[in-house]
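A.B. asks: In the UniProt record's numbering, the protein residues as written are 1 to 227. C-beta atoms are modelled at their ideal positions from N, C-alpha and C, and glycine is treated no differently. These numbers were taken from a predicted model, which means no experiment stands behind them.
1. Put residue 172 into one of helix, strand or coil per three-state DSSP.
2. Kindly confirm or deny that the segment 83 to 92 and the segment 132 to 142 touch, where touching means at least three C-beta pairs closer than 8 angstroms.
3. What is the DSSP secondary structure of residue 184, reduced to helix, strand or coil?
4. At 4 residues or longer, what runs of the alpha helix (DSSP H) sit wholly inside the UniProt domain "NlpC/P60" (58 to 175)?
5. Quick one: residues in its chain with C-beta nearer than 6 angstroms to the C-beta of residue 96, no 5 flanking neighbours on either side, listed in chain order?
6. Here's the rule: buried if 16 or more other CB atoms are within 10 angstroms of the residue's CB, otherwise exposed. What is residue 61?
7. What's the call for residue 1, buried or exposed, on a 16-neighbour Cβ count within 10 Å?
8. Which value, in whole angstroms, describes the spacing of the CA atoms of residue 130 and residue 170?
9. Anyone know if the C-beta pair for residue 173 and residue 94 falls short of 8 angstroms?
10. Rounded to a whole number of angstroms, what is the C-alpha to C-alpha distance between residue 79 and residue 143?
11. Considering only their Cβ atoms, is the gap separating residue 68 from residue 175 smaller than 8 angstroms?
12. With burial defined as no fewer than 16 other Cβ atoms inside 10 Å of the residue's Cβ, what is the status of residue 30: buried or exposed?
Here it is, written out as structure tokens:
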């Protein structure tokens, strides 16, 4: 549901639930406190593409890592750009390209795509880590691991990250940031709403009203988790 539509229905749903409980409800004078409080929660549930590289709408950091791992064992070849042999920036370009993300060929160009991440501690799976002087680029895989094409005589590897912030020129996020998991489940609230839903059904209220009641329960759960 679009944010504006959801916010517009919060007051209506709240009044419906209150009426079922026999409480008095004052006429709204604008957006209610609950609607205002819920606005950032709703916004957080929307997919974010801010700062993502061009074409990154459907890609995720995990998908980048998974695709990079399909190159494990491919030999390092300077200037290589396929599974017969590949270098560090070629790996990045091919992996991102497969997922529909446009990426230039050279590390010196790749260091400018997406949006910058402040430090290694903030890195998420799929982020690109570029070393000083744009000498090398690796793909952060999460849990302190990286995927990269190291150097001549080696193959594409999945290994512990050996870089520190002192080694890093920039970290680039080329896929939308991963959303934070919800802090609470709506299930207990929805379950508590079922007696009222049964009353509505018995009174001949249509299915939309029942849907609204359950939506109200979900909104309440999210509001509680955000408080």
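C.D. replies: So, to answer that:
1. Residue 172: strand per DSSP, three-state reduction.
2. The segment 83 to 92 vs the segment 132 to 142: in contact.
3. Model confidence at residue 184 stands at a pLDDT of 46, short of 50, so the residue's coordinates are unreliable; what they give is reported in the following sentence. DSSP places residue 184 in coil when its eight states are reduced to three.
4. The qualifying runs are 61 to 69, 88 to 98, 107 to 110.
5. These residues qualify, in order along the chain: 103.
6. A residue is called buried once 16 or more other Cβ atoms fall within 10 Å of its Cβ, and residue 61 is buried on that count.
7. Low confidence applies here, because residue 1 scores a pLDDT of 49, under 50, leaving its location unreliable; read the following figure in that light. Exposed, since its Cβ has fewer than 16 Cβ neighbours within 10 Å.
8. When rounded, the distance between both Cα atoms is 5 angstroms.
9. No, Cβ-Cβ distance for residue 173 and residue 94 is not below 8 angstroms.
10. Rounded to the nearest angstrom, the two C-alpha atoms are 29 angstroms apart.
11. Cβ atoms of residue 175 and residue 68: not closer than 8 angstroms.
12. Its pLDDT being 49, under 50, residue 30 is placed unreliably in this model, and the value from its coordinates should be taken loosely. Flag for residue 30 reads exposed.
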